[in-house]
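In what follows, a structure is listed as C-alpha cells, so that the remarks can point back to it.
Residue numbers (my numbering): 86 to 529.
Spelled out as C-alpha cells, the structure:
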C-alpha cells in the first residue's frame with residue numbers, strides 16, 4: 086500500500102533519508118488522561134455539572150449523555166485542547182476515549198463540536214445556580230473531616246472579549262471590552278470554590294455581599310462550626326460586606342483604600358520613616374494600629390497601617406480586620422499571603438484558558454467557566470496527590486500537563502482487557518505511578 090508522505094524534506098541522519106508516515110497505529114499524546122479519569126471518578130466531577138441539566142431528550146435516541154459530554158469537554162481542556170472544535174479531531178483519540186469511559190476501538194466516538202455547543206447553550210439561570218451550589222458542595226466533600234478553619238480568598242480578573250457578548254463592557258484598566266469574573270478560592274488548599282462571570286466593571290458592595298452570602302451560607306450548612314476568614318483587596322472593603330461578615334460571625338482582613346482622613350493619621354508616621362531611612366538602606370517599614378470608621382460604616386473597625394520609606398519616598402497602605410494580634414504579623418503573614426491568589430487565577434485563566442468565553446449569551450459563557458473550573462479540579466487533584474515535598478506541589482498546571490499528561494501511549498483493545506504501552510524511557514515514571522496509586526481506589 087502506498088503511504089502518502091508526511092513531513093517531506095527532512096534532513097537525512099547518518100546518510101539515511103527520513104521517511105515519515107502517519108501509520109503508527111492506535112497512538113495518543115494524552116496518555117496521562119487515564120490518571121485524570123481517576124481524579125474525575127473520585128470527585129464525581131461530571132455529576133456536579135450534568136446533574137443540574139434538565140433531560141428532555143428521547144432516551145432511545147441519546148448517543149451521548151450529559152455526563153459523557155461534560156466529561157469529554159473537561160478532559161480535553163485539562164489536556165490542553167480548550168476549543169470545542171478540537172473534539173472534531175480528537176473524538177477518536179484512544180486515551181481520551183478511555184478517560185471518558187469508552188473502549189478505545191469498539192466504543193463510540195466522543196461528542197463533536199456541534200454537540201458540545203448545544204450543551205453549552207442549554208443552561209438557564211436556575212441551572213447555573215444549581216451548578217454553582219454543586220461546586221461549593223464539591224469543595225466541602227473534598228475534606229475527610231470538617232476543618233477547624235478555612236480562608237476564602239476573593240478577587241476578580243479581566244477577561245477581554247472580541248465580539249458582541251452579553252455583559253461585556255468597556256474597561257479602561259483592562260484596555261478593551263471585557264468581563265470581570267469573580268473568583269473565590271480556599272487559601273490554604275488552593276481549591277476552587279466558585280467562579281462567576283459578570284460585567285466588565287468593578288463589583289459593587291451589594292453584589293459582593295450577595296455572592297459571599299451564598300458561599301458562606303452553603304459552607305455553613307456543611308460545617309456549622311468552621312471558622313471562616315474572608316480575605317480580599319481594597320475594593321472588597323465595602324460597608325455591605327463588613328455588615329454581612331459581622332452578621333455571619335466571619336473573620337475578615339481586607340485592603341482599605343486610602344483617603345484624606347487616613348493620610349492625616351499617617352502623616353507623623355511618614356515623617357518618622359523618612360527620618361529613619363538612610364542612603365544604603367533598602368527600606369524602613371513601620372506598622373501602626375488605630376480605630377477608624379468611614380462615614381458609611383456602622384461602627385469603628387481596627388485599622389492597620391503599613392508605612393514604608395525607600396529611596397523613592399514614603400508610602401502608606403491600610404487594611405481593616407477583626408483579627409487579634411500584632412500589626413506586623415497580621416499584615417505580612419496573613420494579609421500579604423493573599424498574593425498567592427494571583428497564581429491560582431493564573432492557573433485557571435492561563436493554563437485552562439478560562440477566558441475562552443466567546444459565546445454571545447452570558448449563560449453559555451458562565452457554563453463554559455464552570456467547565457474550565459472542572460478542568461482546574463482535575464489538574465489540581467493530580468497536584469494534591471503528589472508528595473508534599475515534591476516538585477509537583479508547587480508546579481504550575483503547564484508543568485503538570487507537559488510532564489504528566491501529554492505522554493505518548495499505544496493503546497490496544499484485546500478481548501478481555503485494554504493494554505496501554507508507554508515509552509520505556511518515560512521521564513518521571515515513578516512520580517506518575519505514585520500519583521496514580523493515590524488516586525486509584527483499586528491500587529494495590
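The beta-carbon is built from N, C-alpha and C at its ideal position, and this holds for glycine as well.
query	result
Helix, strand or coil: which one does DSSP assign to residue 219?	helix
Mapping DSSP to helix, strand and coil, what is residue 370?	strand
Strictly by DSSP, which residues pair up with residue 504?	497
What distance in whole Å lies between the Cβ atoms of residue 176 and residue 191, which are believed to be in contact at a cut-off of 8 Å?	Contact flag wrong, Cβ pair sits at about 15 Å.
Residues in its own chain within less than 7 Å of residue 481 by CB, not counting five upstream and five downstream?	432 and 436
Going by C-alpha to C-alpha distance, which of 180, 522, 155 and 118 sits closest to residue 132?	155
With DSSP as the reference, label residue 336 as helix, strand or coil.	strand
At a cut of 8 Å, does the stretch 94 to 106 reach the stretch 416 to 434 through at least three beta carbon pairs?	no
Can you tell me which of 291, 340 and 308 puts its alpha carbon nearest to the alpha carbon of residue 315?	340
Could you give the residue range of the alpha helix (DSSP H) that holds residue 386?	That residue, residue 386, is in no alpha helix (DSSP H); its beta strand (DSSP E) goes 386 to 395.
Just curious, the beta strand (DSSP E) that residue 510 is in, first and last residue?	Residue 510 -> no beta strand (DSSP E), and no H or E assigned at all.
Alpha carbon to alpha carbon, what distance is there between residue 185 and residue 345?	59 Å
Return yes when the Cβ of residue 115 is within less than 8 Å of the Cβ of residue 496, no when it is not.	no
What residue range is occupied by the uninterrupted alpha helix (DSSP H) comprising residue 427?	425 to 431
With 16 other CB atoms within 10 Å as the buried threshold, where does residue 167 fall?	buried
Consult DSSP for residue 293 and reduce its assignment to one of helix, strand or coil.	helix
Could you tell me if residue 250 is buried or exposed, where buried requires 16 or more neighbouring beta carbons within 10 angstroms of its beta carbon?	buried
Quick check on this structure: which residue in 397, 377 and 188 has the alpha carbon closest to the alpha carbon of residue 501?	188
Go through its chain and collect everything with a Cβ distance to residue 95's Cβ below 6 Å, but skip five positions before and after it.	103
Cβ of residue 379 within 8 Å of Cβ of residue 391?	no
Assign residue 214 to buried or exposed, taking buried as 16 or more other Cβ atoms, counted over all protein chains shown, within 10 Å of its Cβ.	exposed
Whole angstroms are fine: how far does the CA of residue 494 sit from the CA of residue 461?	23 Å
Which same chain residues end up closer than 6 Å to residue 117 when comparing Cβ atoms and leaving out the 5 residues on each side of it in sequence?	489, 490 and 492
Between the alpha carbons of residue 86 and residue 171, how many angstroms are there, rounded?	Its pLDDT being 46, under 50, residue 86 is placed unreliably in this model, and the value from its coordinates should be taken loosely. C-alpha separation (whole angstroms): 30 Å.
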